[in-house]
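J.:
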Amino acid sequence: MSNAPPPALVALYYAYPAVIFLYFTVSTLIAVCRLQHVKESSKTALERPGRRITIGILGFFLSTYITQLFSLGIQSVIIKELPADEHIVINCFSCILVFGIQTFRLIDTDRPVWYPFRGSWILALAFETIIFAAAGASMLSGYRSTLDLVNIILMGMRFVALSALLVWPYLNCFAYRNSPTKDEERQSLLAKDQLNQRSSGTDQPADCNESGYGSTLRDGDSEAEEGEYSWERRDREARETMDKRLKEGGNWFEYAKGFKILFPYVWPVESRSLQLRAVAVFGCLLTSNALHLLIPRQTGIIMDSLNGTNQANGWVAVAIFAVLRLAASESGVDLVQQWLWTPIKYYSHEALSRAAYSHMMRLSADFHDSKSTSDMIMAIYGGRAISNAVENITLHAVPMLVDMAVAIVYLSVTFGPYEGLITVATGTVFLLLASRLVSESKVATRKRIHSMYQEHYIRSSGLQGWQTVSAFNQIGYEDNRHANAVTDRWLREQQFIMNWTVSVAFQTMVLTFGLLGSAFLAVYRIRSGAATPGQFAMLLMYWAQLTSPLQFFARLGKGMSDDFIDAERLLDIMKTKPSVESKPGARPLKFVAGEVVFENVCFSYDKQKGIIKNINFSVPAGETVAFVGATGAGKSTILKLLDRFYDVSEGCIKIDGQDIRDVDLSSLRERIGVVPQSPILFDDTIINNVRYGKIMASDEEVYEACRAACIHDKIEGFTHGYKTRVGERGVKLSGGELQRVAIARAILKKPDIVLLDEATSAVDTDTEQQIQTSFRRLCQGRTTFIVAHRLSTIMNADRIIVLEHGEIVEQGSHDELIIKQGRYADLWSKQVFLRPKDKTSTGGNSCKETLVDSLSDSQTPVDSALGTSLDSNASAVEGNSLQAQGQTVVTHKKEVESAGDESSLADSNSSL
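In terms of the working numbering, the sequence shown opens at residue 901 and continues consecutively.
1) Can you grab the Cα-Cα spacing for the pair Ala1821 / Val910, in whole Å?
2) Out of Glu1600, Ser1248, Val1309, Arg1058, state which residue places its alpha-carbon closest to the alpha-carbon of Thr964.
3) What is the DSSP secondary structure of Ala1526, reduced to helix, strand or coil?
4) Determine the contact status of Tyr1542 and Ile1512, defining contact as a CB-CB distance below 9 Å.
5) Is DSSP giving Ser1518 helix, strand or coil here?
6) In three-state DSSP terms, what is Val1790?
7) Does the stretch 1322 to 1335 touch the stretch 1299 to 1314, meaning 3 or more C-beta pairs lie closer than 8 Å?
8) Look up Cys1552 in the DSSP assignment and give the residues it is bridged to.
9) What did DSSP end up calling Pro1730 once you bin it into helix, strand or coil?
10) For Pro917, which three-state DSSP category applies?
11) Could you tell me which uninterrupted alpha helix (DSSP H) segments, each at least 4 residues in length, are contained entirely in the stretch 1262 to 1286, listed from first to last along the chain?
12) Which class does Gly1362 belong to by DSSP, given the choice of helix, strand or coil?
13) Please identify the residue among Leu1023, Thr928, Gln975, Ile953 whose C-alpha is closest to the C-alpha of Arg1005.
14) For Gly1681, which option in Val1548, Glu1523, Val989 has the closest C-alpha, if you only look at C-alpha atoms?
15) Taking the beta carbon of Gly1617 as the centre, do at least 16 other beta carbons fall within 10 Å, making it buried, or is it exposed?
16) So, for Pro1520: in the same chain, excluding its five sequence neighbours on each side, which residues have a beta-carbon less than 7 Å away from its beta-carbon?
17) Grab me the residues of Ser1403's own chain with a C-beta within less than 6 Å of its C-beta, minus the 5 sequence neighbours each way, in chain order.
18) Could you give the first and the last residue of the continuous beta strand (DSSP E) run that contains Glu1704?
19) Can you round the beta-carbon distance between Met1009 and Leu962 to whole angstroms, since I take them to be within the 8 Å contact cut?
20) Please say whether Met1278 and Arg1561 have beta carbons closer to each other than 9 Å?
21) Taking buried to mean at least 16 other C-beta atoms within 10 Å of its own C-beta, is Asp1537 buried or exposed?
22) Can you tell me whether Val1574 is buried or exposed? The criterion is at least 16 other CB atoms within 10 Å of its CB, across all chains shown.
23) Can you check whether the CB of Leu1331 is closer than 9 Å to the CB of Ser1240?
24) Take every Cβ of the stretch 1223 to 1235, pair it with every Cβ of the stretch 1163 to 1175, and state whether three or more of those distances are shorter than 8 Å.
25) So what does DSSP say about Glu1710, is it helix, strand or coil?
26) Could you tell me how far apart the beta carbons of Ser1567 and Ser1504 are, in whole angstroms, since I believe they sit closer than 8 Å?
27) Using the beta-carbon count (16 or more within 10 Å), is Lys1490 buried or exposed?
28) When the Cα atoms are used, what is the spatial distance from Ala1430 to Arg1389?
29) Spatial neighbours of Thr1791 within its chain, please: C-beta separation below 7 Å, excluding the five flanking residues on both sides.
30) Which of helix, strand or coil does DSSP assign to Ile1587?
31) According to DSSP, which residues form a beta bridge with Gly1573?
32) Roughly how far, in whole angstroms, is the beta-carbon of Glu1480 from the beta-carbon of Arg1544, given that I think they are within contact range, below 8 Å?
33) Closer than 8 Å by C-beta to Ala1774: which residues in its own chain qualify, once you throw out the five before and the five after it? Chain order, please.
34) How long is the line joining the alpha carbons of Gln1672 and Thr1693, rounded to whole angstroms?
35) Between which two residues does the alpha helix (DSSP H) containing Ile1647 stretch?
36) In this structure, does DSSP put Phe1372 in helix, strand or coil?
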């Protein structure tokens, strides 16, 4: 154009792409925050415009700007100089960038959110109309050239293209709605969306035919692959929880509000000094932003002072540069910022870790029974993810955004609007390309992590199971498995490294081309006298400073996503409330004597299948009660209910007339001592494990408790005595030693109520006799509850309660239950004397075979079970129990006599 456009038209040239870009960016961010992309995916095909046609029209719209630039280039070649009106060139390049981003988004997204696009097109149509009217008037008032005619034609074509973009969706939907074959003939037999959804692992609703043809997901189908590792399961569950919370909240703002319960641990609400430090950190950030501007500028001043462009003193300029560099280095502002920020950062780490651990320890048994230790430890690490996210946003993202904005404005002022355009275009293309490459690298990254875990799993399982491997002579097999795992891991590693290298190469190419364009423009302006060599040096330094922010933002999305997933695990646990806790204002347990009463107690773990059903019994103070029955009858559950690991579903449990749900939980457990079936010791010394029953106990009190548990001499025989470390979970001790250490720990506590849960299930007979002696000392004068499968351990109990399917079927002393010949007698005969008769047989031969088989094949023969019990009567068996056993033997003798088998009777007599 020969005549310069009026200032108002120049303003429109610059405002046009800027407004479109700003609107599209903001509206897209709002759509993402409001989860519009999820809601859009639930629409049917009839409600979505034809995406391919839209992309084609938008491509035609872009081609008009490319054609206009091409015509300007031809004119420049003809007249042998750059276009006189650079504003039109910048407008064309900017519009190509803005609408090119929209085209890229449409191509990359299957179900886009349309209002950012349509709003942009409406604004573009308004700008194009105004520019067409203003430019047309300017052209008519000036000289008419061929270029003017081309511009008018191209502007008219853009007006038509934008009108088509706005009208086409409605025409497309109208055509589909009036199509007679839109329902059945246009739908696929296979639910492709659901299959794609399943493969991608998303929970978004999919469009599919309701007929159910094809491989669709059924209700209850799990998206998790079989054999997934713990890290995969944790990641999947966290993502599912995050998606669920996002859908419930409806937008990211509501989702972020869910983390407000963690705010007191992230921000030092009770520390004024740490809050002042945080304010000072923001001051340091502003200082850093200023230094990032001043250092490149000072470099230009030094260069200009050396070549005589300005009158500045070179020595002074260099000294100022050194001071600025020192202030911006790790010895200046960065040092002060780290000194100020480190206490805040580690306050967050410490507070979140302590709060998470304390909260988990106060949760109920139902939580700990459903979570693995590794899951809980990984959840605690989620606190680091939260503090990392806060640090990335406040200390990195915001300052870098400020640096980029300042650089774009400053370069545009110094080198003209072309330089600002090149900078914006390079940054935009870099971020789009980097985000796409990072997204595509997720598959390679996942395979790499999977192969690393597979290698670790095979290696650790082989080493831990060395005895099994050696016993079955499978060392070669394990060696091959490990070699294959190592090879697979290295292949995945190489693939990941190559993908990452290619990604970095493409990103570097984009930055290099951007720098090349900026450098060419700067050289041209220096040659024309519009800039100085010092400003060229400043430009190079600015581009070096822009590289780090661009690379940071390229990785920020994935890093923030991972941080949110890790934080989701912690948030889920912190929101979990204990199902068993003290009521507000609960008073301590007033212990009188130790009378325990179960009144109509019912309980279920899953609120569906009843484990305990209407249990009623009363235990006077100081009495010993034993529970027997088949596995799963509810014996151990009764002990858990008494210790309030769980609360009863119906009924109540009372101690000295007080409902245990109404008293303080800590005071209740302070009165109860537990010896579990499988005692768990800490990886510490024996003396510290015993002292855990009473933390303030002296060494002598520990020794007395161990003497009472009949293990003091055994411990003294160890190499390091009481200083011996027991290993993880007490693996260095035998089963009997473990049990007696647990008993010593309970004796040291001096509880008023004792719970013994299968405490002698895995020990030999001699050890059992020693443990029984320890039990008598522990339980003397205390209300005691015993769960046992080995009936010889509970013969002397004051009362024995037999449970079947969560109900009491009979109760009484050992003698009474033997005489009743009920369920207990049946269990006793199976375990101690002989197998019960076949109920379907009534003849003498059947009785004879039963007795003979019992005496020859029983797991507990008469001479080792009953005989041992009789020989040790002086220390373990009371006279009434012997009499009851004799009555049992007589009963069996009578049965044999009635069968007429004298030989079996003789064998029975000899056994006695």
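Even for Gly, the Cβ is constructed at its ideal location relative to N, Cα and C.
T.: The relevant details are as follows:
1) The question about residue 1821 has no answer, for the chain in this structure spans 901 to 1812.
2) Taking the first residue of the sequence shown as 1, we reach residue 964 at position 64. Of the candidates Glu1600, Ser1248, Val1309, Arg1058, the one whose C-alpha sits nearest the C-alpha of Thr964 is Arg1058.
3) Translated into positions along the sequence shown, residue 1526 becomes position 626. Note: Ala1526 maps to strand in three-state DSSP.
4) Counting from 1 along the sequence shown, the entry for residue 1542 is found at position 642. Counting from 1 along the sequence shown, the entry for residue 1512 is found at position 612. Note on residue identity: the sequence assigns Leu, not Tyr, to residue 1542. Cβ distance not < 9 Å, so Leu1542 and Ile1512 don't count as in contact.
5) Translated into positions along the sequence shown, residue 1518 becomes position 618. The answer is strand: DSSP assigns Ser1518 an E or B state.
6) Looking up residue 1790 in the sequence shown gives position 890. In this prediction, Val1790 scores a pLDDT of 41, lower than 50, which makes its location untrustworthy; the coordinate-derived value is nonetheless stated afterwards. Helix at Val1790.
7) yes
8) The residue labelled residue 1552 in the question sits at position 652 within the sequence shown. Bridge partners of Cys1552: Glu1499.
9) Position 830 of the sequence shown, counted from the first residue, corresponds to residue 1730. A small correction: the amino acid at residue 1730 is Lys; Pro does not occupy that position in the sequence shown. Residue state, collapsed to three classes: helix.
10) Indexing the sequence shown from 1 puts residue 917 at position 17. Three-state result, Pro917: helix.
11) 1265 to 1270
12) Here residue 1362 refers to the residue found at position 462 of the sequence shown. Looking at Gly1362 - three-state DSSP - the assignment turns out to be helix.
13) By 1-based counting over the sequence shown, the position of residue 1005 is 105. Comparing Cα-Cα distances from Arg1005 to each of Leu1023, Thr928, Gln975, Ile953, the minimum goes to Thr928.
14) Residue mapping note: residue 1681 aligns to position 781 of the sequence shown, counting from 1. Ranking Val1548, Glu1523, Val989 by Cα distance to Gly1681 puts Glu1523 first.
15) One-based indexing of the sequence shown puts residue 1617 at position 717. Around the beta carbon of Gly1617, fewer than 16 other beta carbons sit within 10 angstroms, so the residue counts as exposed.
16) Your numbering for residue 1520 matches position 620 in the sequence shown. Taken in chain order, the residues that qualify are Glu1495.
17) Taking the first residue of the sequence shown as position 1, residue 1403 is located at position 503. Cβ within range, chain order: Leu1337.
18) Start at 1 with the first residue of the sequence shown, and residue 1704 comes out as number 804. Taken as a continuous stretch (DSSP letters only), the beta strand (DSSP E) holding Glu1704 covers 1699 to 1704.
19) The residue you call residue 1009 lines up with position 109 of the sequence shown. The residue you call residue 962 lines up with position 62 of the sequence shown. The identity of residue 1009 in the sequence shown is Thr, whereas the question assumes Met. No, Thr1009 and Leu962 are not in contact; Cβ-Cβ is about 18 Å, not under 8 Å.
20) Sequence index remark: in the sequence shown, residue 1561 carries index 661 (1-based). Sequence index remark: in the sequence shown, residue 1278 carries index 378 (1-based). It is not a contact, given that the beta carbons lie outside the stated cut-off.
21) Translated into the one-based positions of the sequence shown, residue 1537 becomes position 637. Correcting the residue type first, residue 1537 is Thr in the shown sequence and not Asp. By the neighbour-count rule (16 or more Cβ atoms within 10 Å), Thr1537 is buried.
22) Along the sequence shown, read from residue 1 onward, the residue named residue 1574 stands at position 674. The residue in question, Val1574, is buried, as its Cβ has 16 or more Cβ neighbours within 10 Å.
23) For the purposes of this step, residue 1240 is taken as the residue at position 340 of the sequence shown. For the purposes of this step, residue 1331 is taken as the residue at position 431 of the sequence shown. The identity of residue 1240 in the sequence shown is Leu, whereas the question assumes Ser. Taking 9 Å as the Cβ cut-off, Leu1240 and Leu1331 do not qualify as a contacting pair.
24) Inter-segment contact for the stretch 1223 to 1235 and the stretch 1163 to 1175 is absent: fewer than three beta-carbon pairs are separated by less than 8 Å.
25) On the sequence shown, position 810 is the one that residue 1710 refers to. Here Glu1710 sits in strand by DSSP.
26) The residue given as residue 1567 occupies position 667 in the sequence shown. The residue given as residue 1504 occupies position 604 in the sequence shown. Contact doesn't hold; Cβ gap of about 27 Å is too wide.
27) Counted from its first residue, the sequence shown places residue 1490 at position 590. Exposed: under 16 other Cβ atoms inside 10 Å.
28) Here residue 1430 corresponds to residue number 530 of the sequence shown, with the count starting at 1. Here residue 1389 corresponds to residue number 489 of the sequence shown, with the count starting at 1. C-alpha separation (whole angstroms): 57 Å.
29) Here residue 1791 is taken as the residue at index 891 of the sequence shown, counted from 1. Annotation note: pLDDT 44 at Thr1791 (below 50); position unreliable, no value reported.
30) Position 687 of the sequence shown, counted from the first residue, corresponds to residue 1587. Helix at Ile1587.
31) For the purposes of this step, residue 1573 is taken as residue 673 along the sequence shown, with counting starting at 1. When beta bridges are read from the DSSP output, Gly1573 appears opposite Val1654.
32) By one-based count along the sequence shown, residue 1480 stands at place 580. By one-based count along the sequence shown, residue 1544 stands at place 644. Strictly speaking, residue 1480 in this sequence is Val, with Glu absent from that position. Indeed, because the Cβ distance is near 6 Å, the residues count as touching under 8 Å.
33) Translated into positions along the sequence shown, residue 1774 becomes position 874. Confidence at Ala1774 is low in this model, with a pLDDT of 34, below 50, so the placement of that residue is unreliable and no value is reported for it.
34) Here the question's residue 1672 lines up with position 772 in the sequence shown. Here the question's residue 1693 lines up with position 793 in the sequence shown. If I take the Cα positions, the gap works out to 7 Å.
35) On the sequence shown, residue 1647 is found 747 positions in, with the first residue counted as 1. Its alpha helix (DSSP H) spans residues 1635 to 1649.
36) As a position in the sequence shown, residue 1372 is number 472, starting the count at 1. Coil at Phe1372, not helix or strand.
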